[in-house]
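S.K.: Residues in the sequence shown are numbered from 5 upward in steps of one, following the working numbering.
Okay, handing you the structure first.
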Amino acid sequence: ETLYANSILTSRGPRWFTGLPMGDVRVAKMGKGTVTWEGETSSASSAGQTFSSILLQPKRLTAYVDISKKFILQDTDGAEMAIRRDLINGINNKLEATVFGYADVSATQPAGLFFGKTLSDATTFAKVCGIEGNLDDANVSNIKYALSAKAKADLRAMAKSNKLTQLVLEGGTVDGVPVFVSSNVKDSAATTKGAYIVGDWSNLAIGSWGDIEITVDPYTKSIDGCI
5 ETLYANSILT SRGPRWFTGL PMGDVRVAKM GKGTVTWEGE TSSASSAGQT
55 FSSILLQPKR LTAYVDISKK FILQDTDGAE MAIRRDLING INNKLEATVF
105 GYADVSATQP AGLFFGKTLS DATTFAKVCG IEGNLDDANV SNIKYALSAK
155 AKADLRAMAK SNKLTQLVLE GGTVDGVPVF VSSNVKDSAA TTKGAYIVGD
205 WSNLAIGSWG DIEITVDPYT KSIDGCI
């Protein structure tokens, strides 16, 4: 069977909203409030939280395959299950490649996480630590890395110091932070740097408006002996 990219979204812990009602769905997003010290009888100040929303709109992932009736008769169970697995793997792979893509949102697909972003410089261990420090300052915890194959190779060959006794990526972690690698994380054509994203993946929301639907059509291609 076909080899697909390592699927890392399921192991990263994004929030899946399944069984959504038909039509657009808004996910609430709250801004941070402010708390102040006041005198004993002074009036309290407004916390000033702001509320907005992120719009989720349904898109369609589609595919079809023509199968000869002779092929089905020769290996009914094995052929059908292999094709079903391939369709499901193809859908999961396309979804993940889109999430880790560079394209803008359109009427038919969502935007990729890399759209409009400039890669931070991670060419030294000190700069990698600086990136994680920025996340600490932003109160982002439970972080994990998603790396392209090139980014993995770069970090595996990057020394922590000039002594060359320790490498940045060892044992599946960057200095203790879990790392996941997939060919669905693509390097940008505009740079020679390996692509990566580091953050709290529980803040990634993916909506599903229905289950995978497989329609078996024995009529349209019957003149060609296909299903």
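Where a beta carbon is used, it is the ideal one built from N, C-alpha and C, also for glycine.
Beta-carbon separation of residue 139 and residue 147 under 7 Å?
M.R.: For the purposes of this step, residue 139 is taken as residue 135 along the sequence shown, with counting starting at 1. For the purposes of this step, residue 147 is taken as residue 143 along the sequence shown, with counting starting at 1. Their beta carbons are under 7 Å apart, which means residue 139 touches residue 147 by this criterion.
S.K.: In whole angstroms, what is the alpha-carbon distance linking residue 207 and residue 63?
M.R.: Here residue 207 corresponds to residue number 203 of the sequence shown, with the count starting at 1. Here residue 63 corresponds to residue number 59 of the sequence shown, with the count starting at 1. One C-alpha to the other measures close to 20 Å.
S.K.: Counting along the chain, where does the beta strand (DSSP E) carrying residue 119 start and finish?
M.R.: In the sequence shown, counting from the first residue as 1, residue 119 sits at position 115. Per DSSP, residue 119 belongs to no beta strand (DSSP E) and is neither H nor E.
S.K.: Keeping to the same chain, check which residues put their C-beta closer than 6 Å to that of residue 8; ignore five residues upstream and five downstream.
M.R.: On the sequence shown, position 4 is the one that residue 8 refers to. The residues are 93 and 97.
S.K.: For residue 89, which option in 69, 116 and 126 has the closest C-alpha, if you only look at C-alpha atoms?
M.R.: Within the sequence shown, numbered from 1, the residue matching residue 89 stands at position 85. Answer by Cα proximity: 69.
S.K.: If we require 4 or more residues per run, which alpha helix (DSSP H) segments fall completely within the segment 50 to 108?
M.R.: DSSP runs (the alpha helix (DSSP H)) wholly in the segment 50 to 108: 73 to 78 and 80 to 103.
S.K.: Does any CB atom of chain D fall closer than 7 Å to the CB of residue 29?
M.R.: The chain labelled as chain D is not found in the depicted structure, where only one protein chain is given.
S.K.: Which residues does DSSP list as the beta-bridge partners of residue 16?
M.R.: Numbered from its first residue, the sequence shown carries residue 16 at position 12. Answer is none; residue 16 lacks a bridge partner.
S.K.: In the DSSP assignment, find the unbroken beta strand (DSSP E) run with residue 156 in it and report its ends.
M.R.: In the sequence shown, the residue the question calls residue 156 occupies position 152. Taken as a continuous stretch (DSSP letters only), residue 156 belongs to no beta strand (DSSP E), being part of the alpha helix (DSSP H) at 153 to 160.
S.K.: Over the uninterrupted beta strand (DSSP E) stretch that includes residue 183, give me the two end residues.
M.R.: For the purposes of this step, residue 183 is taken as residue 179 along the sequence shown, with counting starting at 1. That run of the beta strand (DSSP E) goes 181 to 185.
S.K.: On the DSSP letters alone, give me the boundaries of the alpha helix (DSSP H) that residue 130 sits inside.
M.R.: If you number the sequence shown from 1, residue 130 lands on position 126. Residue 130 -> alpha helix (DSSP H) spans 129 to 141.
S.K.: Can you tell me whether residue 201 is buried or exposed? The criterion is at least 16 other CB atoms within 10 Å of its CB, across all chains shown.
M.R.: Within the sequence shown, numbered from 1, the residue matching residue 201 stands at position 197. Buried, because 16 or more other Cβ atoms sit within 10 Å of the Cβ of residue 201.
S.K.: Smallest Cα separation from residue 122: which of 169, 198 and 77?
M.R.: Counting from 1 along the sequence shown, the entry for residue 122 is found at position 118. Checking every option, the nearest Cα to that of residue 122 belongs to 198.
S.K.: Rounded to whole angstroms, what's the CA-CA distance from residue 33 to residue 75? Just pull it up for me.
M.R.: Counting from one through the sequence shown, the residue named residue 33 turns up at place 29. Counting from one through the sequence shown, the residue named residue 75 turns up at place 71. C-alpha separation (whole angstroms): 52 Å.
S.K.: Does the ligand MN have even one heavy atom less than 6 Å from the beta-carbon of residue 124?
M.R.: Among the components of this structure there are no ligands whatsoever, and the ligand MN is therefore not found.
S.K.: Excluding sequence positions up to five away, which residues of its chain have a Cβ less than 7 Å from the Cβ of residue 195?
M.R.: Residue numbering aside, residue 195 sits at position 191 when the sequence shown is read from its first letter. These residues qualify, in order along the chain: 123.
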